[in-house]
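> Protein chains in written order, with full-length UniProt numbering: chain A, 1 to 420; chain B, 1 to 125.
Each residue gets a CB set at the ideal place from its N, CA and C atoms; glycine is no exception.
On a predicted model such as this, the values are computed, not experimentally measured, just so you know.
Let me begin by handing over the structure; questions about it come next.
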């Protein structure tokens with residue numbers, strides 16, 4: 001079976017789409033992550049063997065759950081009593097058993113199943129990078145090799161990191177009983193944060209890199225959450241935020257891999273379909289009149305997306321939204337972002353007035369010095385601007401960030417030369 | 001005789017396609033579209049955004065109830081649809097409410113359109 005074989009492409013897509021639901025049900029059945037993963041692997045292998053011959057089952061997820069559960073039970077039995085496995089043909093004949101099983105998969109139960117599967121990846125003792133790696137391995141089903149490449153780690157190191165994270169989870173009690181409303185909301189919050197971590201791990205990387213693909217994985221996980229919690233405005237906001245940000249990706253880097261700022265981006269390169277979906281979700285969320293941090297950030301991204309050119313941007317609206325975000329989720333970085341909007345509305349002096357008080361908490365932050373430098377430059381305070389930009393270059397996390405500031409410094413020198 | 005051809009597929013599977021896979025499907029469909037358009041047999045066609053972007057107006061009560069998500073009941077059948085050009089969801093909902101007042105009962109699902117191909121027969125004059 002080759003990669004271009006339509007059978008194998010269809011099966012791969014069907015397996016990827018049903019993985020979270022199947023794995024979540026198997027986890028509930030066996031209450032052990034390794035057993036559930038092995039059962040899923042076995043079911044996927046059998047699907048690859050039997051579906052091209054027998055055709056796809058009516059309900060892919062129900063088939064995989066049934067086959068995976070039986071395979072794991074057979075494995076257990078074999079280990080205890082050396083009983084022979086049923087022949088392959090008998091197994092695929094069990095397709096008829098999928099109908100009653102599908103009926104037994106209660107919609108609300110599988111919702112909690114999937115939430116639990118995602119939630120165990122957000123164990124508070126696990127550092128953020130391990131949460132992300134674990135979710136990509138367990139929920140998205142990415143290979144350890146691919147996750148390792150995304151995080152520029154060796155495969156062995158990543159394998160060890162994931163094994164250690166799983167062991168940490170195994171030691172703690174995973175709550176298998178159905179959560180109450182408050183607990184469910186708490187889990188949803190933790191899971192949303194983890195999904196956004198996955199997204200940002202991808203978003204901070206350059207285009208075309210292995211890590212950039214994590215944005216797509218995060219959006220897939222977000223859509224999954226949204227299907228389970230269709231009336232939660234913050235989930236709508238999260239998915240909208242990711243779609244609206246990711247829509248800009250084709251315009252975010254130039255041919256040399258350097259960052260292109262929002263103002264300079266070719267908006268024709270933005271992905272229209274993602275923007276359309278993001279805007280639709282923002283509209284849906286706003287109807288609930290229950291603002292939250294993801295919704296407000298999505299609304300900010302929506303104002304950028306709606307502007308056909310930078311001059312059309314509703315900066316006053318963005319400034320107001322950042323003021324709301326400062327109230328909902330106060331942080332110096334949010335205040336710094338607000339300063340950008342304030343500068344656009346009220347000029348560089350007004351922006352700088354918001355930037356200066358952040359010097360304490362953001363002294364080690366690249367963007368603080370970058371923005372401060374740019375505003376000082378606009379105010380004609382060249383010496384201070386150069387100093388701030390020098391600090392920014394020293395703090396740049398990527399070559400592209402450093403290159404961008406150098407470009408501004410060059411412009412400053414050029415302008416200074418012209419003035420002489 | 002005009003026929004509407006309604007497209008059904010597992011959206012999870014479609015969402016799992018890579019950009020290249022999606023583009024390949026659209027290219028293959030485009031070939032069929034072109035042939036039909038040349039024959040003067042193609043009317044407007046469109047691709048919808050996922051059901052997660054949908055909002056449903058339940059027409060049973062007064063006022064009609066707005067529900068997040070797609071229309072999920074099975075006791076009603078799809079009997080027709082409109083395409084409206086509006087600024088946002090609220091405007092689309094206002095139109096749906098006007099329609100509901102004229103024709104109570106059942107539901108309207110409001111689903112944003114991803115891709116709209118106008119009627120090539122009209123474009124050709």
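Throw me the rounded Cβ distance for the residue 297/A and residue 325/A pair, which I believe falls under 8 Å.
7 Å
> Quick check on residue 137/A: buried or exposed, where buried means 16 or more other Cβ atoms within 10 Å of its Cβ?
buried
> Identify the continuous alpha helix (DSSP H) that holds residue 192/A and give its terminal residues.
181 to 203
> Under 8 Å, Cβ to Cβ, is there at least one residue of chain B near residue 344/A?
Using a Cβ-Cβ cut-off of 8 Å, residue 344/A does not count as an interface residue toward chain B, since no Cβ of chain B sits closer than that to its own.
> Below 7 Å between beta carbons is the criterion; list the residues of the stretch 269 to 285 of chain A that meet it against any residue of chain B, in chain order.
273, 276, 277, 280, 281, 283, 284
> Using three-state DSSP, classify residue 149/A as helix, strand or coil.
helix
> Assign residue 415/A to buried or exposed, taking buried as 16 or more other Cβ atoms, counted over all protein chains shown, within 10 Å of its Cβ.
exposed
> Please tell me whether residue 98/B has its Cβ less than 8 Å away from any Cβ of chain A.
no
> Rounded to the nearest angstrom, what separates residue 271/A and residue 45/A at their Cα positions?
36 Å
> Does any CB atom of chain A fall closer than 8 Å to the CB of residue 56/B?
It does not; no Cβ of chain A falls within 8 Å.
> Could you tell me the distance, in whole angstroms, from the CA atom of residue 385/A to the CA atom of residue 374/A?
7 Å
> Using 8 Å as the threshold, is the C-beta distance between residue 49/B and residue 42/A below it?
no
> How would you label residue 9/B, buried or exposed, when you count the other beta carbons within 10 angstroms and need 16 or more for buried?
exposed
> Since residue 361/A and residue 330/A should fall inside the 8 Å C-beta cutoff, what is the C-beta to C-beta distance between them, to a whole number of angstroms?
That belief does not hold up - the Cβ atoms of residue 361/A and residue 330/A are roughly 11 Å apart, past 8 Å.
> Who pairs with residue 322/A in a beta bridge, going by DSSP?
DSSP output for residue 322/A lists no bridge partner at all.
> Check whether the Cβ of residue 13/B lies closer than 8 Å to any Cβ atom in chain A.
Cβ-Cβ to chain A under 8 Å: yes for residue 13/B.
> Under 9 Å Cβ-Cβ, which residues of chain B neighbour residue 459/A?
The shown model of chain A, from 1 to 420, leaves out residue 459/A, and the question about it has no answer.
> Give me the Cα-Cα distance between residue 97/B and residue 62/B, rounded to the nearest whole angstrom.
10 Å
> State the Cα-Cα distance for the pair residue 407/A and residue 79/B, rounded to the nearest angstrom.
60 Å
> I'd like to know if residue 88/B contacts chain A, where contact means its C-beta is closer than 8 Å to some C-beta of that chain.
yes
> For residue 53/A and residue 8/A, I'd like the C-alpha separation in whole angstroms.
12 Å
> Who are the near neighbours of residue 14/A in its chain, counting only those whose CB is closer than 6 Å to its CB and skipping five residues on each side?
60
> Can you say whether residue 4/A is buried or exposed, counting buried as having 16 or more other CB atoms within 10 angstroms of its CB?
Residue confidence for residue 4/A is low, a pLDDT of 46 falling below 50, so the modelled location carries little weight; the figure read from the coordinates is stated next. So residue 4/A ends up on the exposed side.
> Would you tell me roughly how many angstroms separate the C-alpha atoms of residue 301/A and residue 77/A, rounded to the nearest one?
54 Å
> Tell me the DSSP secondary structure of residue 259/A in three-state form.
Note: residue 259/A maps to strand in three-state DSSP.
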